[in-house]
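First the structure, in the form of C-alpha coordinates, and then the observations on it.
This is how it looks when you write it as C-alpha coordinates:
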(Lines of atoms letter the chains of each structure in order from A; the text may use other names.)
(Lines give C-alpha, C1' and ligand atoms only; values in the text may rest on other atoms or scores of the structure.)
Protein backbone atom coordinates (compact mmCIF):
# COMPACT_ATOMS: atom_id res chain seq x y z
CA UNK A 2 0.00 0.00 0.00
CA UNK A 3 3.02 2.32 0.26
CA UNK A 4 3.61 2.92 -3.47
CA UNK A 5 0.36 4.85 -3.73
CA UNK A 6 1.29 7.49 -1.17
CA UNK A 7 4.72 7.82 -2.83
CA UNK A 8 3.08 8.38 -6.19
CA UNK A 9 0.87 11.03 -4.70
CA UNK A 10 3.86 12.76 -3.20
CA UNK A 11 5.68 12.65 -6.54
CA UNK A 12 2.72 14.06 -8.32
CA UNK A 13 2.42 16.84 -5.78
CA UNK A 14 5.98 17.86 -6.61
CA UNK A 15 5.93 17.09 -10.31
CA UNK A 16 2.81 19.09 -11.16
CA UNK A 17 4.11 22.45 -9.87
CA UNK A 18 7.52 21.82 -11.37
CA UNK A 19 5.95 20.92 -14.71
CA UNK A 20 3.81 24.05 -14.60
CA UNK A 21 6.86 26.18 -13.87
CA UNK A 22 8.81 24.59 -16.71
CA UNK A 23 5.86 25.06 -19.09
CA UNK A 24 5.56 28.72 -18.16
CA UNK A 25 9.28 29.19 -18.69
CA UNK A 26 8.99 27.57 -22.10
CA UNK A 27 6.15 29.93 -23.12
CA UNK A 28 8.15 32.93 -21.92
CA UNK A 29 11.16 31.83 -23.96
CA UNK A 30 9.02 31.45 -27.08
CA UNK A 31 7.47 34.97 -26.70
CA UNK A 32 10.91 36.46 -26.11
CA UNK A 33 12.18 34.85 -29.27
CA UNK A 34 9.24 36.24 -31.25
CA UNK A 35 9.85 39.74 -29.93
CA UNK A 36 13.52 39.42 -30.82
CA UNK A 37 12.60 38.59 -34.40
CA UNK A 38 10.31 41.72 -34.80
CA UNK A 39 11.72 44.89 -36.51
CA UNK A 40 12.13 47.87 -34.14
CA UNK A 41 9.40 50.59 -34.43
CA UNK A 42 10.30 53.58 -36.70
CA UNK A 43 9.88 56.91 -34.75
CA UNK A 44 9.32 58.83 -38.01
CA UNK A 45 6.54 56.45 -39.01
CA UNK A 46 4.91 56.86 -35.65
CA UNK A 47 5.04 60.67 -36.03
CA UNK A 48 3.60 60.57 -39.54
CA UNK A 49 0.80 58.31 -38.36
CA UNK A 50 -0.09 60.73 -35.54
CA UNK A 51 -0.05 63.75 -37.90
CA UNK A 52 -2.18 61.88 -40.43
CA UNK A 53 -4.75 61.04 -37.76
CA UNK A 54 -4.86 64.65 -36.55
CA UNK A 55 -5.32 65.99 -40.07
CA UNK A 56 -8.08 63.48 -40.74
CA UNK A 57 -9.91 64.57 -37.57
CA UNK A 58 -9.47 68.26 -38.47
CA UNK A 59 -10.77 67.60 -41.97
CA UNK A 60 -13.87 65.93 -40.62
CA UNK A 61 -14.40 68.86 -38.22
CA UNK A 62 -13.91 71.39 -41.04
CA UNK A 63 -16.41 69.54 -43.22
CA UNK A 64 -18.93 69.61 -40.39
CA UNK A 65 -18.35 73.34 -39.82
CA UNK A 66 -18.66 73.96 -43.56
CA UNK A 67 -21.99 72.18 -43.63
CA UNK A 68 -23.17 74.21 -40.65
CA UNK A 69 -22.06 77.43 -42.35
CA UNK A 70 -23.95 76.49 -45.51
CA UNK A 71 -27.10 75.77 -43.53
CA UNK A 72 -26.65 79.07 -41.64
CA UNK A 73 -26.29 81.05 -44.89
CA UNK A 74 -29.33 79.36 -46.41
CA UNK A 75 -31.40 80.18 -43.34
CA UNK A 76 -30.34 83.85 -43.56
CA UNK A 77 -31.13 83.97 -47.28
CA UNK A 78 -34.58 82.53 -46.61
CA UNK A 79 -35.52 85.46 -44.34
CA UNK A 80 -38.14 87.80 -45.87
CA UNK A 81 -36.34 90.88 -44.51
CA UNK A 82 -32.80 92.21 -44.87
CA UNK A 83 -30.24 91.36 -42.17
CA UNK A 84 -27.04 93.38 -41.81
CA UNK A 85 -24.08 92.50 -39.56
CA UNK A 86 -21.16 94.86 -38.97
CA UNK A 87 -18.38 93.43 -36.80
CA UNK A 88 -16.18 95.19 -34.22
CA UNK A 89 -13.64 96.11 -36.91
CA UNK A 90 -16.43 98.03 -38.69
CA UNK A 91 -16.43 95.62 -41.59
CA UNK A 92 -19.49 94.17 -43.26
CA UNK A 93 -19.54 90.67 -41.76
CA UNK A 94 -22.81 89.52 -43.34
CA UNK A 95 -25.63 90.72 -45.59
CA UNK A 96 -28.27 88.19 -46.61
CA UNK A 97 -29.70 87.86 -50.11
CA UNK A 98 -32.87 89.81 -49.32
CA UNK A 99 -30.75 92.64 -47.91
CA UNK A 100 -28.65 92.71 -51.09
CA UNK A 101 -31.80 92.88 -53.21
CA UNK A 102 -33.32 95.71 -51.14
CA UNK A 103 -30.15 97.79 -51.23
CA UNK A 104 -29.22 96.91 -54.80
CA UNK A 105 -25.71 95.64 -53.91
CA UNK A 106 -23.85 92.42 -54.66
CA UNK A 107 -23.01 89.72 -52.10
CA UNK A 108 -19.32 90.40 -52.81
CA UNK A 109 -19.45 93.50 -50.58
CA UNK A 110 -19.23 91.26 -47.49
CA UNK A 111 -15.82 91.82 -45.89
CA UNK A 112 -15.48 95.44 -47.06
CA UNK A 113 -15.51 98.53 -44.86
CA UNK A 114 -19.07 99.16 -43.71
CA UNK A 115 -18.72 102.94 -44.10
CA UNK A 116 -17.82 102.47 -47.78
CA UNK A 117 -20.63 100.03 -48.59
CA UNK A 118 -23.30 101.91 -46.61
CA UNK A 119 -22.36 105.43 -47.77
CA UNK A 120 -25.54 105.73 -49.92
CA UNK A 121 -27.69 104.56 -46.99
CA UNK A 122 -27.40 107.09 -44.13
CA UNK A 123 -30.53 105.70 -42.48
CA UNK A 124 -28.79 102.33 -42.06
CA UNK A 125 -25.64 103.95 -40.67
CA UNK A 126 -27.80 105.87 -38.19
CA UNK A 127 -29.47 102.63 -37.07
CA UNK A 128 -26.08 100.94 -36.59
CA UNK A 129 -24.88 103.84 -34.45
CA UNK A 130 -28.03 103.88 -32.32
CA UNK A 131 -29.07 101.71 -29.41
CA UNK A 132 -30.97 98.42 -29.71
CA UNK A 133 -34.71 98.85 -29.33
CA UNK A 134 -38.12 98.27 -30.88
CA UNK A 135 -38.64 98.51 -34.63
CA UNK A 136 -39.62 101.86 -36.11
CA UNK A 137 -40.57 103.17 -39.54
CA UNK A 138 -39.00 105.90 -41.62
CA UNK A 139 -39.00 107.30 -45.12
CA UNK A 140 -35.82 107.16 -47.23
CA UNK A 141 -35.01 107.03 -50.95
CA UNK A 142 -38.67 107.37 -51.87
CA UNK A 143 -39.63 104.26 -49.92
CA UNK A 144 -40.94 103.39 -46.46
CA UNK A 145 -38.73 101.20 -44.28
CA UNK A 146 -39.21 99.22 -41.08
CA UNK A 147 -35.87 99.04 -39.27
CA UNK A 148 -34.60 97.66 -35.96
CA UNK A 149 -31.23 97.25 -34.32
CA UNK A 150 -31.12 93.85 -32.63
CA UNK A 151 -29.70 93.28 -29.15
CA UNK A 152 -26.31 91.50 -29.48
CA UNK A 153 -23.12 91.13 -27.37
CA UNK A 154 -20.50 93.82 -27.95
CA UNK A 155 -17.97 91.26 -29.17
CA UNK A 156 -20.34 90.34 -32.01
CA UNK A 157 -20.74 93.88 -33.36
CA UNK A 158 -24.02 95.41 -34.57
CA UNK A 159 -27.00 93.63 -36.11
CA UNK A 160 -29.75 95.49 -37.97
CA UNK A 161 -32.81 94.08 -39.70
CA UNK A 162 -34.73 96.12 -42.27
CA UNK A 163 -37.56 95.67 -44.75
CA UNK A 164 -39.40 97.68 -47.38
CA UNK A 165 -42.96 98.26 -46.13
CA UNK A 166 -44.00 100.73 -48.84
CA UNK A 167 -46.49 98.38 -50.49
CA UNK A 168 -47.76 97.10 -47.14
CA UNK A 169 -48.50 100.66 -45.98
CA UNK A 170 -50.19 101.47 -49.29
CA UNK A 171 -52.35 98.36 -49.02
CA UNK A 172 -53.26 99.31 -45.45
CA UNK A 173 -54.30 102.77 -46.64
CA UNK A 174 -56.33 101.22 -49.45
CA UNK A 175 -58.08 98.97 -46.96
CA UNK A 176 -58.89 101.93 -44.70
CA UNK A 177 -60.21 103.90 -47.68
CA UNK A 178 -62.37 100.97 -48.82
CA UNK A 179 -63.87 100.70 -45.35
CA UNK A 180 -64.51 104.44 -45.24
CA UNK A 181 -65.92 104.37 -48.76
CA UNK A 182 -68.41 101.69 -47.75
CA UNK A 183 -69.55 103.58 -44.65
CA UNK A 184 -69.89 106.91 -46.43
CA UNK A 185 -71.59 105.30 -49.42
CA UNK A 186 -74.47 104.10 -47.27
CA UNK A 187 -74.80 107.51 -45.62
CA UNK A 188 -74.58 109.63 -48.77
CA UNK A 189 -77.09 107.53 -50.69
CA UNK A 190 -79.89 108.45 -48.30
CA UNK A 191 -78.83 112.08 -47.98
CA UNK A 192 -78.49 112.53 -51.74
CA UNK A 193 -81.97 111.20 -52.47
CA UNK A 194 -83.51 113.53 -49.90
CA UNK A 195 -81.60 116.50 -51.33
CA UNK A 196 -82.59 115.55 -54.86
CA UNK A 197 -86.29 115.70 -53.99
CA UNK A 198 -85.94 119.09 -52.26
CA UNK A 199 -83.92 120.53 -55.13
CA UNK A 200 -86.56 119.47 -57.64
CA UNK A 201 -89.10 121.57 -55.69
CA UNK A 202 -86.71 124.57 -55.54
CA UNK A 203 -85.99 124.34 -59.24
CA UNK A 204 -89.71 124.32 -60.03
CA UNK A 205 -90.25 127.40 -57.87
CA UNK A 206 -87.37 129.17 -59.62
CA UNK A 207 -88.90 128.50 -63.01
CA UNK A 208 -92.26 129.88 -61.79
CA UNK A 209 -90.52 133.03 -60.55
CA UNK A 210 -88.87 133.47 -63.93
CA UNK A 211 -92.19 133.18 -65.75
CA UNK A 212 -93.70 135.70 -63.31
CA UNK A 213 -91.14 138.31 -64.36
CA UNK A 214 -88.68 138.02 -61.44
CA UNK A 215 -85.78 137.27 -63.76
CA UNK A 216 -82.83 138.30 -61.59
CA UNK A 217 -84.06 136.46 -58.49
CA UNK A 218 -85.04 133.44 -60.52
CA UNK A 219 -81.62 133.19 -62.25
CA UNK A 220 -79.76 133.32 -58.93
CA UNK A 221 -82.01 130.61 -57.49
CA UNK A 222 -81.72 128.40 -60.58
CA UNK A 223 -77.90 128.74 -60.73
CA UNK A 224 -77.57 127.75 -57.08
CA UNK A 225 -79.98 124.87 -57.59
CA UNK A 226 -78.01 123.56 -60.57
CA UNK A 227 -74.77 123.72 -58.54
CA UNK A 228 -76.40 121.73 -55.74
CA UNK A 229 -77.73 119.23 -58.28
CA UNK A 230 -74.20 118.62 -59.54
CA UNK A 231 -73.10 118.03 -55.95
CA UNK A 232 -75.97 115.58 -55.39
CA UNK A 233 -75.00 113.80 -58.61
CA UNK A 234 -71.50 113.36 -57.22
CA UNK A 235 -72.99 111.95 -54.01
CA UNK A 236 -75.05 109.47 -56.02
CA UNK A 237 -72.00 108.48 -58.07
CA UNK A 238 -70.16 107.88 -54.83
CA UNK A 239 -72.89 105.67 -53.38
CA UNK A 240 -73.55 103.78 -56.62
CA UNK A 241 -72.33 100.15 -56.58
CA UNK A 242 -69.98 99.34 -59.44
CA UNK A 243 -70.00 96.40 -61.83
CA UNK A 244 -66.89 97.10 -63.93
CA UNK A 245 -66.19 95.54 -67.30
CA UNK A 246 -62.85 93.95 -68.12
CA UNK A 247 -61.62 94.40 -71.67
CA UNK A 248 -58.39 95.37 -73.49
CA UNK A 249 -57.88 99.13 -73.65
CA UNK A 250 -55.67 101.24 -75.88
CA UNK A 251 -54.56 103.78 -73.31
CA UNK A 252 -53.66 106.47 -75.86
CA UNK A 253 -57.23 106.32 -77.20
CA UNK A 254 -58.74 106.57 -73.71
CA UNK A 255 -56.49 109.53 -72.91
CA UNK A 256 -57.34 111.23 -76.22
CA UNK A 257 -61.08 110.99 -75.52
CA UNK A 258 -60.65 112.39 -72.00
CA UNK A 259 -58.51 115.29 -73.28
CA UNK A 260 -61.08 116.07 -76.00
CA UNK A 261 -63.84 116.31 -73.40
CA UNK A 262 -61.76 118.43 -71.04
CA UNK A 263 -60.81 120.89 -73.78
CA UNK A 264 -64.51 121.75 -74.07
CA UNK A 265 -64.61 122.78 -70.41
CA UNK A 266 -63.71 126.28 -69.19
CA UNK A 267 -61.20 124.91 -66.65
CA UNK A 268 -58.78 123.95 -69.44
CA UNK A 269 -58.70 127.43 -71.04
CA UNK A 270 -55.21 128.97 -71.08
CA UNK A 271 -53.51 125.63 -70.39
CA UNK A 272 -51.80 123.28 -72.83
CA UNK A 273 -52.98 119.65 -72.69
CA UNK A 274 -50.46 117.16 -74.15
CA UNK A 275 -50.22 113.36 -74.32
CA UNK A 276 -47.24 111.20 -75.29
CA UNK A 277 -46.55 107.47 -75.50
CA UNK A 278 -48.57 104.32 -76.08
CA UNK A 279 -49.67 101.36 -73.98
CA UNK A 280 -52.28 98.73 -73.22
CA UNK A 281 -54.23 97.79 -70.10
CA UNK A 282 -57.27 95.76 -69.13
CA UNK A 283 -60.16 97.65 -67.56
CA UNK A 284 -63.52 99.36 -67.90
CA UNK A 285 -63.54 102.09 -70.62
CA UNK A 286 -66.38 104.09 -69.04
CA UNK A 287 -64.90 104.12 -65.53
CA UNK A 288 -61.43 104.89 -66.87
CA UNK A 289 -62.82 107.81 -68.89
CA UNK A 290 -64.58 109.24 -65.83
CA UNK A 291 -61.46 108.85 -63.69
CA UNK A 292 -59.22 110.51 -66.30
CA UNK A 293 -61.59 113.47 -66.70
CA UNK A 294 -61.62 114.01 -62.93
CA UNK A 295 -57.82 113.80 -62.68
CA UNK A 296 -57.24 116.07 -65.68
CA UNK A 297 -59.72 118.61 -64.33
CA UNK A 298 -57.91 118.56 -60.99
CA UNK A 299 -54.53 119.01 -62.76
CA UNK A 300 -55.87 122.01 -64.71
CA UNK A 301 -57.25 123.60 -61.54
CA UNK A 302 -53.86 123.19 -59.84
CA UNK A 303 -51.83 124.58 -62.80
CA UNK A 304 -51.54 128.33 -63.48
CA UNK A 305 -52.50 129.93 -66.79
CA UNK A 306 -49.93 129.35 -69.52
CA UNK A 307 -48.73 126.07 -68.00
CA UNK A 308 -48.82 122.57 -69.42
CA UNK A 309 -50.60 119.40 -68.27
CA UNK A 310 -48.80 116.34 -69.65
CA UNK A 311 -50.10 112.76 -69.80
CA UNK A 312 -47.36 110.13 -70.16
CA UNK A 313 -48.57 106.75 -71.42
CA UNK A 314 -46.73 103.44 -71.10
CA UNK A 315 -47.63 99.78 -70.73
CA UNK A 316 -50.30 99.40 -68.00
CA UNK A 317 -49.40 102.82 -66.63
CA UNK A 318 -50.44 106.48 -66.94
CA UNK A 319 -48.92 109.56 -65.37
CA UNK A 320 -50.67 112.95 -65.30
CA UNK A 321 -48.17 115.74 -64.54
CA UNK A 322 -49.26 119.25 -63.62
CA UNK A 323 -47.24 122.41 -62.95
CA UNK A 324 -49.02 123.50 -59.80
CA UNK A 325 -47.54 124.29 -56.37
CA UNK A 326 -47.21 120.60 -55.52
CA UNK A 327 -48.37 118.59 -52.52
CA UNK A 328 -46.72 117.26 -49.41
CA UNK A 329 -46.93 113.51 -48.80
CA UNK A 330 -49.48 113.98 -46.01
CA UNK A 331 -51.64 116.29 -48.14
CA UNK A 332 -51.54 113.83 -51.04
CA UNK A 333 -52.82 111.06 -48.76
CA UNK A 334 -55.49 113.32 -47.25
CA UNK A 335 -56.84 114.45 -50.63
CA UNK A 336 -57.72 110.87 -51.56
CA UNK A 337 -60.14 110.74 -48.61
CA UNK A 338 -63.77 111.66 -49.27
CA UNK A 339 -64.91 115.24 -48.55
CA UNK A 340 -61.38 116.55 -47.90
CA UNK A 341 -60.87 119.00 -50.73
CA UNK A 342 -57.76 121.05 -51.33
CA UNK A 343 -59.86 123.98 -52.62
CA UNK A 344 -62.39 126.12 -50.74
CA UNK A 345 -65.03 125.56 -53.45
CA UNK A 346 -64.27 121.85 -53.94
CA UNK A 347 -66.59 118.99 -52.98
CA UNK A 348 -63.82 116.67 -51.85
CA UNK A 349 -65.12 113.89 -54.12
CA UNK A 350 -63.22 114.36 -57.40
CA UNK A 351 -60.04 112.48 -56.48
CA UNK A 352 -61.74 109.90 -54.21
CA UNK A 353 -64.19 109.07 -57.01
CA UNK A 354 -61.30 108.67 -59.46
CA UNK A 355 -59.62 106.34 -56.95
CA UNK A 356 -62.83 104.33 -56.52
CA UNK A 357 -63.34 103.96 -60.29
CA UNK A 358 -59.71 102.93 -60.82
CA UNK A 359 -59.65 100.46 -57.93
CA UNK A 360 -62.82 98.84 -59.29
CA UNK A 361 -60.97 97.88 -62.49
CA UNK A 362 -57.78 96.67 -60.81
CA UNK A 363 -55.74 99.89 -61.04
CA UNK A 364 -54.23 102.01 -58.30
CA UNK A 365 -53.80 105.77 -57.94
CA UNK A 366 -50.98 107.61 -56.20
CA UNK A 367 -50.28 111.34 -55.92
CA UNK A 368 -46.53 111.93 -55.94
CA UNK A 369 -44.79 115.33 -55.53
CA UNK A 370 -42.53 116.18 -58.49
CA UNK A 371 -38.95 117.28 -57.63
CA UNK A 372 -39.18 120.13 -60.15
CA UNK A 373 -42.54 121.26 -58.75
CA UNK A 374 -46.08 120.16 -59.33
CA UNK A 375 -47.74 116.81 -58.77
CA UNK A 376 -47.78 113.52 -60.66
CA UNK A 377 -50.96 111.40 -60.51
CA UNK A 378 -49.75 107.85 -61.19
CA UNK A 379 -52.16 105.17 -62.41
CA UNK A 380 -50.84 101.59 -62.42
CA UNK A 381 -52.59 98.34 -63.31
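In the numbering used here, the protein residues as written are 2 to 381.
The beta-carbon is built from N, C-alpha and C at its ideal position, and this holds for glycine as well.
Just so you know, these numbers come straight off a predicted model, no measurement behind them.
Considering residue 440, what are the terminal residues of the beta strand (DSSP E) in which it resides? As displayed, the chain neither begins before 2 nor continues past 381, which places residue 440 out of reach and without an answer.
contact_flag[the stretch 148-155, the stretch 301-319] where n(CB pairs < 8 Å) is 3 or more: Inter-segment contact for the stretch 148-155 and the stretch 301-319 is absent: fewer than three beta-carbon pairs are separated by less than 8 Å.
Residues bridged to residue 158 [DSSP beta-bridge criterion]: Position 157 of the chain shown, counted from the first residue, corresponds to residue 158. Listed as beta-bridge partners of residue 158 by DSSP are 86.
Fully enclosed by the stretch 272-303, which alpha helix (DSSP H) runs are 4 residues long or longer? Segments of the alpha helix (DSSP H) lying fully in the stretch 272-303: 285-302.
Which residue marks the beginning of the alpha helix (DSSP H) containing residue 252, and which one marks its end? The residue given as residue 252 occupies position 251 in the chain shown. Residue range 251-263 is occupied by the alpha helix (DSSP H) that includes residue 252.
Would you report the Cα separation of residue 279 and residue 147, rounded to the nearest angstrom? Looking up residue 279 in the chain shown gives position 278. Looking up residue 147 in the chain shown gives position 146. The alpha-carbon atoms of residue 279 and residue 147 are separated by roughly 37 Å.
Can you tell me whether DSSP reads residue 93 as helix, strand or coil? Translated into positions along the chain shown, residue 93 becomes position 92. Three-state DSSP puts residue 93 in a strand.
According to DSSP, residues forming a beta bridge with residue 123: For the purposes of this step, residue 123 is taken as residue 122 along the chain shown, with counting starting at 1. Its beta-bridge partners do not exist; DSSP assigns none.
Starting from the C-beta of residue 88, find all residues in its chain whose C-beta is less than 6 Å away, skip the five residues before and the five after it, and write them out in chain order. Translated into positions along the chain shown, residue 88 becomes position 87. The residues 157, in chain order, have a CB closer than 6 Å to that of residue 88 in the same chain once the five nearest residues on each side in sequence are set aside.
Rounded C-beta distance between residue 258 and residue 296? I'm assuming under 8 Å. For this step, residue 258 is matched to residue 257 along the chain shown. For this step, residue 296 is matched to residue 295 along the chain shown. Between residue 296 and residue 258 the Cβ distance is about 6 Å, and since that is below 8 Å, they are a contact.
In this structure, does DSSP put residue 357 in helix, strand or coil? Against the chain shown, residue 357 aligns to sequence position 356. Assigned with DSSP and collapsed to three states, residue 357 falls in helix.
Would you please state the rounded distance, in angstroms, between the beta carbons of residue 275 and residue 256? I believe it to be under 8 Å. By one-based count along the chain shown, residue 275 stands at place 274. By one-based count along the chain shown, residue 256 stands at place 255. Correct: roughly 7 Å between the Cβ atoms.
Would you list the residues sitting across from residue 369 in a DSSP beta bridge? Here residue 369 refers to the residue found at position 368 when the chain shown is read from its first residue. Looking at the DSSP assignment, residue 369 forms a beta bridge with 375.
Quick one: is residue 201 buried, meaning 16 or more other Cβ sit within 10 Å of its Cβ, or exposed? Reading the chain shown from its first residue, position 200 is the one you call residue 201. Looking at its Cβ environment, which holds fewer than 16 other Cβ atoms inside 10 Å, residue 201 is exposed.
So, with DSSP's three-state summary, where would you put residue 329? Your numbering for residue 329 matches position 328 in the chain shown. Reduced to three states, the DSSP call for residue 329 is helix.
Rounded to whole angstroms, what is the Cα-Cα separation between residue 176 and residue 119? On the chain shown, residue 176 is found 175 positions in, with the first residue counted as 1. On the chain shown, residue 119 is found 118 positions in, with the first residue counted as 1. Linking residue 176 to residue 119 through their CA atoms gives a straight-line distance of about 37 Å.
State the beta-bridge partners of residue 148 as determined by DSSP. As a first step, residue 148 is located in the chain shown; it is residue number 147 there, counting from the start. Answer is 161.
Could you say if the stretch 129-144 and the stretch 198-213 meet the contact criterion of at least three C-beta pairs nearer than 8 Å? No, they do not touch.
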